[in-house]
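Residue numbers (our numbering), protein chains in the order written: chain B, 59 to 384; chain U, 59 to 384; chain W, 220 to 596; chain R, 220 to 596. This report concerns only the one structure given below.
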Amino acid sequence: MAKLNMVKALNLALLQEMERDADVLVIGEDVGVDGGVFRVTEDLHRTFGSKRVIDSPLAEAAIIGTSIGMALYGLRPVCEIQFSGFAFQCFHQIENHAARYRTRSQGRFHVPLVIRMPYGGGVRALEHHSESEEQFYAHIPGLKMVVPSGPRNARALLTAAIRDPDPVVFFEHKGLYHAAKEEVPDESETLEIGRAQVVQEGADLTLIAWGGMLRTAREAAETLQAEDGVTCEIVDLLTIAPLDRETLVRSVAKTGRALVVHEAPRSFGPGAEIAASIMDGAFLSLEAPIARVAAHDVPFPGFAREKGNVPDAARVVAAARETLAF
Amino acid sequence: MAKLNMVKALNLALLQEMERDADVLVIGEDVGVDGGVFRVTEDLHRTFGSKRVIDSPLAEAAIIGTSIGMALYGLRPVCEIQFSGFAFQCFHQIENHAARYRTRSQGRFHVPLVIRMPYGGGVRALEHHSESEEQFYAHIPGLKMVVPSGPRNARALLTAAIRDPDPVVFFEHKGLYHAAKEEVPDESETLEIGRAQVVQEGADLTLIAWGGMLRTAREAAETLQAEDGVTCEIVDLLTIAPLDRETLVRSVAKTGRALVVHEAPRSFGPGAEIAASIMDGAFLSLEAPIARVAAHDVPFPGFAREKGNVPDAARVVAAARETLAF
Amino acid sequence: MPRTPLEPRFQVEYLSILDAEGNLDASLEPKLPAGDLKRIYRAMLLGRRLDERMVRLQRQGRIGTFAPIKGQEASQLGSVYTLRPTDWMVPSFRETAAMLWRGWPIEKMLLFFAGYLEGGQPAPDQRDLPICIPVATQVPHAVGLAYAAQYRNEDSVVMVYFGDGATSEGDFHEALNFAGVWHVPVVFVCQNNQWAISVPLKKQTHSRTIAQKALAYGIPGVQVDGNDVLAVYTAAREAVERARAGDGPTLIECVTYRLGVHTTADDPTKYRSNEEVAEWERKDPLTRFVAYLRKKRLLDEGLEQEVDAEIAAGVARFEATAAADPLAMFDHIYAELPPDLKVQREMLAERLRKGETGPRRPPEPSPPMRGQRSGQR
Amino acid sequence: MPRTPLEPRFQVEYLSILDAEGNLDASLEPKLPAGDLKRIYRAMLLGRRLDERMVRLQRQGRIGTFAPIKGQEASQLGSVYTLRPTDWMVPSFRETAAMLWRGWPIEKMLLFFAGYLEGGQPAPDQRDLPICIPVATQVPHAVGLAYAAQYRNEDSVVMVYFGDGATSEGDFHEALNFAGVWHVPVVFVCQNNQWAISVPLKKQTHSRTIAQKALAYGIPGVQVDGNDVLAVYTAAREAVERARAGDGPTLIECVTYRLGVHTTADDPTKYRSNEEVAEWERKDPLTRFVAYLRKKRLLDEGLEQEVDAEIAAGVARFEATAAADPLAMFDHIYAELPPDLKVQREMLAERLRKGETGPRRPPEPSPPMRGQRSGQR
Ligand SMILES: Cc1ncc(C[n+]2csc(CCOP(=O)(O)OP(=O)(O)O)c2C)c(N)n1
Ligand SMILES: Cc1ncc(C[n+]2csc(CCOP(=O)(O)OP(=O)(O)O)c2C)c(N)n1
Ligand SMILES: [Mg+2]
Ligand SMILES: [Mg+2]
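Next comes the structure, spelled out in structure tokens:
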């Protein structure tokens, strides 16, 4: 057991999986000598050398495209895209190929690939360094989409993603990298991909969040408890796709009310599928429409205005009160 | 007035807008001498020459990237991406730039760009030639996403898109190109982008569809009328984003039941936002969960199996009956 | 100090051994075993004849749109012949002849173009990627395979095919640049057939050759007469040996011509003249190779019939394939089917039981890998 | 017929006029008016001094992460100087000196890096694109602008800036290929500063020069000493004249060096040696240009103070900017705000009235255009 922040926890997962399996390698821009711009791959090149920790040229499509080739051969590349805002450069390789080779080759090939990306805002960064693009990946059949919310589950989910025989897009919230430290067991552990977790039991309202927004949801829940005597059940989604509808429906069947909070723009965002799925599964228990608290439908407004765009606890509390009063 | 199929109707819109405005030009793969692989740009190069009807090299990102530059200069490029399945090659130019230059330059620049793409299945085509990707564009702030359902509205919406000062992604369903002919007025006309149309009034159930699925919705409505004596209100969405929630909510407030049908995979698809938005606006009128009939969450299964994947009238009817019986 | 031309000046070679008139440059003639020369010719002929047969099958609506190879047989066989079974072959969508050489059964090729994914399944031991439709996107996969081979210390080589149009795509550039930096065992074979659908090479790029694009990546590039199977073989063998010896990647430009339609949905008369086509028909790769083999007395009697019989048998096996079971669409999505997909599968099974829907060929006319011509036209 | 080297052999030139020791190749010395030489030096100095000031502002948390230009002043001024106001300038994210020359006010530059989009707004008549962050994605925009200029029969030229790392991106390749085919008036200026964050040029590409990549597109490419403002100017002038005369695009590789951090979030000691940096400090573009101007008696007294005063005034104007009004985020999304966005705007206005939320700088440490170092480190 050691107390680690998310950067160190992710680094530990990489280190242990590379020790465990010689087929695991790391590739991306500045992941080698520099250790990654967020230091998630720190020192791996010292331990494993530049053939296994590859400082690639500056080209996202080729990072993913060549990694797909490696994966088809049987290796397990863990790719880093420096910021999720630059992953659209390789979006065609992900959609055309990473997600499809198993189907296209009818099982002769599969693509055990992990694509790590820092995402999310609130860190005073510029355009393309502050967005949340999970929705784009969640809608691609053949992919899995994972977003941890803290050091321990980040380490366990990354380990699971690396061992997963199918391609996993793995989002890491920049704001969480150095936010909190957690006890992380020395021996490697995994968390099942595709399972959400109820991180707080409650009776009146289900709050659904993931990644950087989990903190916001917890904060809001505390305020609601303290000021309104309302108990919230908080679901940490952890996996966006495939979506754990069972856990969501079970919770809302109990509480009768739900609120989703995410950093992505509201329209056609992940909250829509979550709301629609809950309606499908718990319609008769619903006492209010499922609320969505999300960023506005605007391009990133610059970090001087970000505060008014990314959901905060106050917004969640206000929306929750409306839902509870409905 | 002339009876035109959708190909000819789109061609007419391009011809008339190019005659009207010397800044309008056409660019894409095979759009010139060949007239486009679906012949939508047929003969335009003869009339306007190769500087205004540009046979570009084979590179989608540069087609969009250079068109953005032309648009910043003040021209109005109408780009053709040969198939929507190849538009992920230029997705970064669309998301990073086409959708953002107005915001980034705080109004100093804007991007009057139209990106036309054939989309959709049921035409015995291969992978990447049969998918429906509207969701990916609908979630990008700063873009508009339009899908006509017939020759006349295709012509009117394309004309509106070309005159629109902001970037419009324009989907054309392959199955509609030669499906039906319609009277199309000689003088150019426009349809407002952002407005859905109630194409059939009904009392019991609202069917929501667009593009190639509108036929399917109509077929289903007829069966339901004939066999169940149920009257469906049919909404032709026409614009996916910005979504016309008002029309949707008004209809469902009346019928109390709704069913969305689309060709895109179900999960995190456009039906989710439509369902969630209707729940927001018409919760108390809802007598059943909003049904979604969509493709399965699988990569394109090959056209020999497509029939079992793309929604057909039978599936819509079956789902409608469940909704009505809820 | 002032204006100094950088040495060495860059250079690209053109290689031709057996010209259209059948003249041979004996000094460059490769020493190929008689049996192999025969096998190569047979494979070229098989490609040519199957191509013709597939066009008929498509017209009959028994398969969908496909991309014929007529005219490119030498580019494909001269190169693919240099591979071992343990090497990797990465095709685009116009390598029927090369794929047959690599062991793809005729019926699988037909199934693929009939919309059955089964047609894209390589044999368990086969080191071939399936047909790749998005232009140039397969090129980085080849570089990744080559990296993996090097990583595993295996001496396998990767050969990847693409067209002249493909060289305009970003993926081509990024992949060759990675290959140059990584110095991996990959051979880039560009079948420059002069056209990308309706776009001629001069509208595709302003560079004089495709081969010179190699200079941008610091790797060797060579241009060969792509209709001269001996020249293609010689260039490919050099490149494969270089790769296997650990001396890095090579770009080979095969100057050839697409004698037929781009795909069966295409109408070349819209964009190119019959004179141009006739011009290139005189350079037919089979004609000159036949002349060469005849001089060597290596032409077997009845080869055509033999090849046609093989094709007929393949077509028969294709025709015998059962209608596709729609439920199979859920078989190869993930290693394990997630709960929601199990539900979707169950619902489809239910509908099939009720006979609500099922596998049947829709009425629409058979269209396109690249588009369909208006029925009206 | 056999192996024929294709003529002409390709060639790339290296141009240098004023070397690090201040030696001048008089035969190549451009004839620039004294006043212009002074203005160029002043602009280089302004760039250098503002850079230093911005690093301090960033450390104080008054602006966010930014990309310093120290060492690249000659590459930027030697090239941008050749443009007319009616020409277009397309920057990446490391052209502060060139942008100031083009008329961007200091306070706007600062506002941009303080997270205000207002900092990215060009003046109504200004033919400059805003800073572009996704590497290489601005290059096709420049080609499109050039196409439009040609289309409108205007004689304006487009100059676009990017780095060595940018040449690995697909967008670079596609854009140069289009420019070659279209023969449009664009000048591609690559500031090869040897590093892409921590990745050295030799890991970026295996080609000996960046300039030779022009051969892939059939356009001229030249390599210049990017720390020699006279050489950069000479190459840029040739390229701009060529473009304006309708003779097409040019790729200029400026061989220079990033003397500072990649961005203020970067720690270069992790990946490069102090010796290497010291080596390049001896080639400082300002030092040699100062020597040149001193010989010509063109160095004005008190220039530094003057420049610092200008910077101080700009910083003061920046500091005087009011806090950002969050509602302005809805001002420039579409020409007309759609109904749903009106609603979202109204809801935000409501929250602001209730004081529920508002514009304040969050507590987080100031991070990155390219990442942030762990606070723990
Ligand atoms: C990324 C992408 N864009 C467009 C297409 C449509 N398309 C199919 S083949 C083709 C032309 C390819 O030309 P070339 O690379 O020369 O290969 P050839 O067809 O001549 O063998 C095009 C544009 C595609 N398949 N993929
Ligand atoms: C498409 C994209 N990928 C990654 C990044 C992150 N990034 C910012 S600058 C940079 C290095 C750029 O190197 P170079 O092109 O040489 O320009 P320089 O920074 O040296 O001026 C990287 C990787 C980015 N901004 N855009
Ligand atoms: Mg071709
Ligand atoms: Mg650099």
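Note that the Cβ used here is the ideal one computed from N, Cα and C, for glycine as well.
Along the chain, where does the alpha helix (DSSP H) that runs through residue i open and close?
| i | result |
| --- | --- |
| glycine 331 (chain R) | Contrary to the premise, residue 331 (chain R) reads as phenylalanine rather than glycine in this sequence. From DSSP, the alpha helix (DSSP H) with phenylalanine 331 (chain R) extends over 325-332. |
| aspartate 113 (chain B) | Not the alpha helix (DSSP H): aspartate 113 (chain B) falls in the beta strand (DSSP E), residues 111-113. |
| threonine 161 (chain B) | 159-162 |
| glutamate 291 (chain U) | Here glutamate 291 (chain U) belongs to no alpha helix (DSSP H); instead the beta strand (DSSP E) covers 290-294. |
| asparagine 211 (chain B) | 209-221 |
| histidine 354 (chain B) | Counting along the chain, histidine 354 (chain B) falls outside any alpha helix (DSSP H), and DSSP gives it neither H nor E. |
| valine 374 (chain B) | 371-383 |
| histidine 103 (chain U) | 102-106 |
What are the boundary residues of the beta strand (DSSP E) that includes residue i?
| i | result |
| --- | --- |
| proline 76 (chain U) | Reading off the sequence, residue 76 (chain U) comes out as methionine, not proline. Not the beta strand (DSSP E): methionine 76 (chain U) falls in the alpha helix (DSSP H), residues 64-78. |
| tyrosine 233 (chain R) | 232-234 |
| valine 307 (chain B) | Segment 303-313 is the alpha helix (DSSP H) holding valine 307 (chain B); no beta strand (DSSP E) there. |
| tryptophan 307 (chain R) | 307-309 |
| aspartate 444 (chain R) | 440-444 |
| glutamate 314 (chain R) | Premise fails: glutamate 314 (chain R) is in no beta strand (DSSP E) and is neither H nor E. |
According to DSSP, simplified to helix, strand and coil, what is residue i?
| i | result |
| --- | --- |
| lysine 239 (chain B) | coil |
| leucine 37 (chain B) | Lying outside 59 to 384, the shown extent of chain B, residue 37 (chain B) is not represented and no answer is given. |
| glutamate 388 (chain R) | coil |
| tryptophan 499 (chain W) | helix |
| proline 545 (chain W) | helix |
| cysteine 351 (chain W) | coil |
| lysine 61 (chain U) | strand |
| alanine 239 (chain R) | coil |
Strictly by DSSP, which residues pair up with residue i?
| i | result |
| --- | --- |
| proline 224 (chain W) | R:Glu232 |
| glycine 86 (chain B) | B:Asp113, B:Glu138 |
| proline 419 (chain R) | R:Trp414 |
| phenylalanine 228 (chain U) | U:Arg174, U:Val204 |
| methionine 378 (chain W) | W:Met308, W:Val406 |
| proline 323 (chain U) | U:Ala353 |
Residue i: buried (16+ other C-beta within 10 angstroms of its C-beta) or exposed?
| i | result |
| --- | --- |
| asparagine 154 (chain U) | buried |
| alanine 214 (chain U) | buried |
| aspartate 88 (chain B) | buried |
| alanine 415 (chain W) | buried |
| glutamate 498 (chain W) | exposed |
| leucine 342 (chain U) | exposed |
| aspartate 244 (chain U) | exposed |
| threonine 223 (chain W) | exposed |
| asparagine 412 (chain R) | buried |
| proline 309 (chain R) | One point to set straight first is that residue 309 (chain R) is valine, not proline, in the sequence displayed. So valine 309 (chain R) ends up on the buried side. |
| methionine 59 (chain B) | exposed |
Point to revise | Selection of the region 468-498 of chain W by Cβ proximity to chain U, strictly under 7 Å | key: Contact residues of the region 468-498 of chain W toward chain U are Lys489, Tyr490 (C-beta to C-beta distance below 7 Å).
Handout entry: Contact list for the region 212-228 of chain U against chain R, Cβ threshold 9 Å
Key = So the close ones are Asp222, Pro223, Asp224.
- prompt: Going along the region 94-105 of chain B in order, which residues come within less than 7 Å of chain R, judged by CB to CB distance?
  reply: So the close ones are Val95, Phe96, Arg97.
**Request:** Anything in the region 109-131 of chain U with a Cβ closer than 9 Å to a Cβ of chain R? List those residues in chain order, please.
**Result:** Of all residues in the region 109-131 of chain U, Lys109, Arg110, Ile112, Ser114, Pro115, Ala117, Glu118, Ala119, Ala120, Ile121, Ile122, Gly123, Thr124, Ser125, Ile126, Gly127, Met128, Ala129, Leu130, Tyr131 have a Cβ within less than 9 Å of some Cβ in chain R.
Just by C-beta distance, which residues in the region 176-190 of chain B are closer than 7 Å to chain R? For the region 176-190 of chain B, the beta-carbon criterion of a distance under 7 Å to any beta-carbon of chain R is satisfied by Gly180, Val181, Arg182, Ala183, Leu184, Glu185, His186, His187.
Practice problem: Compile a chain-ordered list of the residues in the region 325-339 of chain U whose CB is closer than 9 Å to at least one CB of chain B. | Solution: So the list reads Ser325, Phe326, Gly327, Pro328, Gly329, Ala330, Glu331, Ile332, Ala333, Ala334, Ser335, Met337, Asp338, Gly339, given in the order they occur along the chain.
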